[in-house]
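Working notes for the structure below.
Below, the structure is given as structure tokens:
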């Protein structure tokens with residue numbers, strides 16, 4: 005569909021202005037609203053200034069709780085009932101938090117007054133936000149139903165099941181958003197292709213490249229019952245990619261309640277969810293990454309200046325060093341470090357560093373012991389290329405060598421790489437491909453057990469390693 009940024013801006017601006025309008029309506033239409041300002045600690049600013057202060061804080065707070073709740077994670081296909089419940093729930097939570105804060109700021113007011121105002125506040129906010137939200141969702145849904153919008157979808161399977169599903173979806177009077185761009189076979193039999201209906205794009209081994217070049221957003225797996233043993237292999241290829249995955253259910257799946265009816269206009273499909281954390285945890289993790297990184301860069305500014313000076317005066321060459329690494333969904337990015345090696349250290353080709361590496365400068369050894377060379381990567385975190393906690397990113401040349409012996413390495417690309425990781429804490433730096441593979445098991449364990457609690461433990465262990473000077 006590739007309208008994500010446009011739709012995100014529509015919802016964000018709508019929520020911001022709706023929350024602002026709701027606040028103005030509440031204050032000027034309810035005498036209590038003005039009394040709260042007049043009796044509050046902001047009174048020295050004047051009621052009008054306090055009103056504008058609320059206009060600044062409250063809409064931003066509304067955007068924050070909507071973000072943490074995952075409202076902006078799914079931008080299309082929202083049902084009206086979803087909108088109703090989601091907006092009611094967020095209004096309730098926001099109202100309770102705001103009134104708790106207000107009660108602490110204005111203890112002079114009788115609690116009964118607060119509870120008397122709260123229903124009016126909720127009512128105004130709910131309708132002010134819900135009406136624009138459901139209007140946007142309705143417009144998007146209408147465009148999908150009429151075929152004006154759709155997801156770039158790839159169909160994977162064999163002739164019989166795939167053709168039947170394709171015909172069912174295409175013959176629906178109301179579209180459900182699938183915009184098929186091609187077919188990928190699982191057999192390789194040229195007599196069982198959907199060429200008259202869909203372009204043949206090759207076999208499953210081409211999936212990662214197809215997803216990138218065709219901007220695939222959703223994949224539907226439609227294989228015969230006798231071919232179900234191939235599904236796991238297909239999923240292993242798809243999981244490190246950003247696509248949504250669905251599959252036609254077997255009779256066993258339907259009996260056991262695994263088939264989802266996301267809409268009455270399409271055949272039932274199983275949604276293969278591969279989210280490793282809840283939406284709330286993922287969004288909170290990202291919020292923590294940004295906040296902690298900005299705070300760390302500001303707090304450690306003297307350390308940055310000291311290290312930069314040490315690099316500059318210890319050896320010739322630039323202060324910073326950047327190198328291409330592979331991140332989330334296999335996308336390359338430039339990682340930043342303070343230079344700890346002599347200039348031209350890899351003139352003869354890529355080479356992993358070791359404890360007694362002669363290419364490392366004297367000051368570089370000190371930096372590595374305390375991981376000071378990694379400090380610029382907080383900038384990578386702010387940019388969204390990395391997280392504070394996640395598997396350490398590697399170069400493509402080493403990934404190619406690892407994958408030959410451990411194909412499951414690509415599972416690490418399901419998450420953002422990190423400044424520190426469980427593998428980094430438990431195993432440390434790897435000096436060769438064998439050690440990279442040995443460290444891999446710790447990172448895979450982390451991925452299968454991801455949580456905010458585990459991240460917090462890894463951060464604590466990392467701080468201990470740094471303070472002990474065991475970074476390298």
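Numbering (the numbering used here), first residue to last: 5 to 476. In this text, a Cβ means the ideal position worked out from N, Cα and C, and glycines have one as well. These numbers were taken from a predicted model, which means no experiment stands behind them.
Can you tell which of the options has the C-alpha that lies nearest to the C-alpha of residue i?
{"i": "residue 386", "options": "335, 296 and 21", "result": "296"}
{"i": "residue 165", "options": "230, 294 and 461", "result": "230"}
{"i": "residue 298", "options": "391, 79 and 434", "result": "391"}
{"i": "residue 336", "options": "342, 343 and 328", "result": "328"}
{"i": "residue 341", "options": "351, 317, 371 and 359", "result": "371"}
{"i": "residue 127", "options": "317, 96 and 150", "result": "96"}
{"i": "residue 83", "options": "25, 69 and 142", "result": "142"}
{"i": "residue 243", "options": "472, 452 and 461", "result": "452"}
{"i": "residue 209", "options": "227, 224 and 238", "result": "238"}
{"i": "residue 404", "options": "330, 423, 435 and 32", "result": "330"}
{"i": "residue 389", "options": "307, 290 and 353", "result": "290"}
{"i": "residue 345", "options": "446, 275, 313 and 325", "result": "325"}
{"i": "residue 63", "options": "174, 215, 19 and 30", "result": "19"}
{"i": "residue 425", "options": "398, 436, 274 and 411", "result": "398"}
{"i": "residue 226", "options": "275, 428 and 200", "result": "275"}
{"i": "residue 145", "options": "11, 68, 94 and 358", "result": "11"}
{"i": "residue 13", "options": "286, 380, 60 and 67", "result": "67"}
{"i": "residue 308", "options": "380, 354 and 273", "result": "380"}
Skipping 5 residues on each side, what residues in its chain have a beta carbon closer than 6 Å to that of residue i?
{"i": "residue 58", "result": "27"}
{"i": "residue 459", "result": "393"}
{"i": "residue 156", "result": "183, 185, 219, 220 and 221"}
{"i": "residue 134", "result": "91"}
{"i": "residue 311", "result": "342 and 376"}
{"i": "residue 125", "result": "30 and 99"}
How many Å lie between residue i and residue j at the Cα?
{"i": "residue 409", "j": "residue 416", "result": "15 Å"}
{"i": "residue 211", "j": "residue 233", "result": "18 Å"}
{"i": "residue 132", "j": "residue 121", "result": "17 Å"}
{"i": "residue 75", "j": "residue 284", "result": "10 Å"}
{"i": "residue 22", "j": "residue 136", "result": "8 Å"}
{"i": "residue 400", "j": "residue 474", "result": "27 Å"}
{"i": "residue 466", "j": "residue 103", "result": "39 Å"}
{"i": "residue 271", "j": "residue 81", "result": "16 Å"}
{"i": "residue 347", "j": "residue 334", "result": "28 Å"}
{"i": "residue 468", "j": "residue 99", "result": "41 Å"}
{"i": "residue 178", "j": "residue 153", "result": "12 Å"}
{"i": "residue 140", "j": "residue 78", "result": "13 Å"}
{"i": "residue 446", "j": "residue 228", "result": "36 Å"}
{"i": "residue 138", "j": "residue 434", "result": "52 Å"}
{"i": "residue 217", "j": "residue 202", "result": "17 Å"}
{"i": "residue 213", "j": "residue 189", "result": "15 Å"}
{"i": "residue 457", "j": "residue 421", "result": "18 Å"}
{"i": "residue 241", "j": "residue 251", "result": "15 Å"}
{"i": "residue 360", "j": "residue 349", "result": "14 Å"}
{"i": "residue 256", "j": "residue 449", "result": "With a pLDDT of 44 at residue 256, under the threshold of 50, the modelled position of that residue is not reliable, and the figure given next carries that caveat. C-alpha separation (whole angstroms): 30 Å."}
{"i": "residue 455", "j": "residue 378", "result": "24 Å"}
{"i": "residue 471", "j": "residue 287", "result": "29 Å"}
{"i": "residue 395", "j": "residue 439", "result": "14 Å"}
{"i": "residue 106", "j": "residue 293", "result": "29 Å"}
{"i": "residue 72", "j": "residue 247", "result": "22 Å"}
{"i": "residue 8", "j": "residue 16", "result": "12 Å"}
Within the same chain, show all residues whose beta-carbon is closer than 8 Å to that of residue i, passing over the 5 residues directly before and after it, in chain order.
{"i": "residue 198", "result": "159, 163, 166, 167, 170, 187 and 204"}
{"i": "residue 358", "result": "435"}
{"i": "residue 151", "result": "179"}
Can you tell me whether residue i sits near the ligand HEM, meaning its C-beta is under 7 Å from at least one heavy atom of the ligand?
{"i": "residue 459", "result": "Ligands are entirely absent from the displayed structure, and the ligand HEM is therefore not among its contents."}
Using the DSSP secondary-structure output, state which residues sit across from residue i in a beta bridge.
{"i": "residue 157", "result": "184 and 222"}
{"i": "residue 483", "result": "Residue numbering for the chain in the displayed model covers 5 to 476; residue 483 lies beyond these limits and cannot be assessed."}
{"i": "residue 329", "result": "337"}
{"i": "residue 342", "result": "324"}
{"i": "residue 207", "result": "189"}
If I measure Cβ to Cβ from residue i and keep anything under 7 Å in the same chain, skipping five residues before and after, which residues do I get?
{"i": "residue 320", "result": "347"}
{"i": "residue 414", "result": "244 and 407"}
{"i": "residue 382", "result": "297, 300 and 301"}
{"i": "residue 315", "result": "323, 342, 343 and 367"}
{"i": "residue 147", "result": "153"}
{"i": "residue 429", "result": "462, 465, 466 and 469"}
{"i": "residue 441", "result": "406, 409 and 410"}
{"i": "residue 161", "result": "190, 225, 226 and 227"}
{"i": "residue 280", "result": "418, 419, 451 and 454"}
{"i": "residue 431", "result": "442, 443 and 446"}
message: Please give me, in chain order, every unbroken run of the alpha helix (DSSP H) with length at least 4 that falls completely inside the region 425-469.
response: 426-430 and 437-452
* Which runs of the alpha helix (DSSP H) fall wholly inside the region 349-425 and span at least 4 residues, in chain order? -> 366-373, 381-387 and 400-409
**Request:** Could you name each continuous alpha helix (DSSP H) segment of 4 residues or more that falls completely within the region 45-94, going from the start of the chain to the end?
**Result:** 51-73
Unbroken beta strand (DSSP E) runs of length 3 or more, entirely within the region 121-177: which are they?
155-161
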